[in-house]
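Numbering (our numbering), first residue to last: 1 to 121.
Notes follow the structure.
This is how it looks when you write it as structure tokens:
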């Protein structure tokens, strides 16, 4: 049962990261109706808008790839006979890996907040 829950979590994380990356590739990160909250300086400057879009596209694609990687091992356990269980160490490892994936996916949004400051220009 734990395999199925972890599989679902990483699948959901992969889908969310892929949708965020798609927003970056479409160039709509700064569009409030389709994108995210960004500082006014980033929205008004075309160079910063392009940088914000490329940051989200690159880092969220990386997060999506990282989140889909464990699905291979988990998928074989889910589709297998189900006789295996996840140890406590395995749960800790999956949780730590999930935190790394979330940190990779959250990085561009924190970086965009800093793009509007005069020190970053």
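C-beta: ideal position from N, C-alpha, C; glycine also.
The alpha-carbon of residue 47 is positioned some 16 Å away from that of residue 26. Residue range 46 to 68 is occupied by the alpha helix (DSSP H) that includes residue 54.
Check the Cα spacing between residue 30 and each of 19, 44, 76, 18: the tightest is with 44. The DSSP-derived three-state label of residue 108 is helix.
Runs of the alpha helix (DSSP H) lying entirely within the stretch 68 to 101 and spanning at least 4 residues, in chain order: 70 to 79. In the displayed model, residue 36 falls within coil according to three-state DSSP, outside both helix and strand.
Between residue 2 and residue 86, the gap from beta carbon to beta carbon is short of 7 Å. Across the structure, residue 54 and residue 106 are spaced so that their CA atoms are roughly 14 Å apart.
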